[in-house]
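Report on the following structure.
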Amino acid sequence: MTIIHPSRAEDLPAITAIYAHHVLHGAGTFELEPPAESEMANRRVEVLAKGLPYLVASEGDKVLGFAYCNWFKPRPAYRFSAEDSIYLAPEAIGHGLGRALLAELTTQAEKVGVRKLIAVIGDSANTASIGLHRSVGFSLVGILESCGWKFNRWQDVVMMDKPLGLADTCAPQDSKKSTG
50 MTIIHPSRAE DLPAITAIYA HHVLHGAGTF ELEPPAESEM ANRRVEVLAK
100 GLPYLVASEG DKVLGFAYCN WFKPRPAYRF SAEDSIYLAP EAIGHGLGRA
150 LLAELTTQAE KVGVRKLIAV IGDSANTASI GLHRSVGFSL VGILESCGWK
200 FNRWQDVVMM DKPLGLADTC APQDSKKSTG
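The opening residue of the sequence shown carries number 50 in the numbering used here; numbering runs sequentially from there.
Spelled out as structure tokens, the structure:
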């Protein structure tokens with residue numbers, strides 16, 4: 050049975066391997082070289098230190114996928130908008146796991162106060178990721194044409210978003226003062 054749970058340090062070798070596969074074989078990420086496990090560990094710690102969710106889907110001891118969100122931009126005005134990232138092991142693609150993982154990430158992001166979840170999807174031909182995001186309520190915002198160069202061709206970026214919770218219907222309860 051597949052279980053979705055908060056990531057653990059011992060999940061990092063599998064997380065690193067899954068991500069490396071997507072760096073080397075897909076345009077969903079615009080990284081060109083797979084990061085080392087130590088770098089993936091640093092990225093995970095950074096996400097968790099911000100109080101944001103970093104989840105894995107596993108079956109027994111095998112990690113089948115991971116998802117997390119991080120602030121969309123570093124400036125304080127963006128502190129209620131986060132960008133999601135989701136990657137599945139090749140053998141886990143096409144079985145509904147991505148939808149379950151992204152739906153849980155959405156739930157967890159809302160619990161920590163995220164009001165807008167943003168998908169920045171590499172490659173406009175990435176119909177699987179676009180369809181996955183659409184299936185959990187994301188809407189197309191636009192396409193940035195030819196803004197990345199990977200696999201010897203220009204790659205588009207598809208922007209999608211999903212309002213969470215109260216979204217923009219009221220001001221957030223926030224201890225940080227708005228600076229403009």
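Glycine included, every Cβ here is placed at the ideal spot set by N, Cα and C.
Practice item. With Asn91 as the anchor, note down where its beta strand (DSSP E) starts and where it stops. Key: The sequence position of residue 91 within the sequence shown is 42, counting from 1. Element bounds for Asn91: not the beta strand (DSSP E) but the alpha helix (DSSP H), Glu86 to Ala98.
Practice item. State whether the stretch 203–219 contacts the stretch 154–169, with contact taken as three or more CB pairs (one from each stretch) at a distance under 8 Å. Key: yes
Check your understanding: Per DSSP, what kind of secondary structure is Ile167 in: helix, strand or coil?
Key -> Looking up residue 167 in the sequence shown gives position 118. If DSSP states are grouped into helix, strand and coil, Ile167 belongs with the strands.
**Study point:** Enclosing alpha helix (DSSP H) for Leu181 [first to last residue]
**Key:** Taking the first residue of the sequence shown as 1, we reach residue 181 at position 132. Looking at the DSSP string, the run of the alpha helix (DSSP H) that includes Leu181 is Thr176 to Ser184.
Exercise for review: Measure the Cβ-Cβ separation of Leu193 and Gln157 and say whether it is below 8 Å.
Suggested key: Along the sequence shown, read from residue 1 onward, the residue named residue 193 stands at position 144. Along the sequence shown, read from residue 1 onward, the residue named residue 157 stands at position 108. Their beta carbons are not under 8 Å apart, which means Leu193 does not touch Gln157 by this criterion.
Check your understanding: Can you find a CB in chain B that lies within less than 8 Å of the CB of Ser130?
Key -> Absence of chain B from the displayed structure is noted, only one protein chain being present.
Check your understanding: Can you name, in chain order, every residue of its own chain whose Cβ lies under 6 Å from the Cβ of Gly149, other than the five neighbours on each side?
Key -> For the purposes of this step, residue 149 is taken as residue 100 along the sequence shown, with counting starting at 1. The sequence given here places Ala at residue 149; Gly does not occur at that position. If we look at Ala149 and ignore the five residues flanking it on each side, it has no Cβ neighbours.
**Study point:** Whole-angstrom C-beta distance between Gly171 and Gly77, which should lie under 8 Å
**Key:** Here residue 77 refers to the residue found at position 28 when the sequence shown is read from its first residue. Here residue 171 refers to the residue found at position 122 when the sequence shown is read from its first residue. With a Cβ gap of about 5 Å, Gly77 and Gly171 count as contacting.
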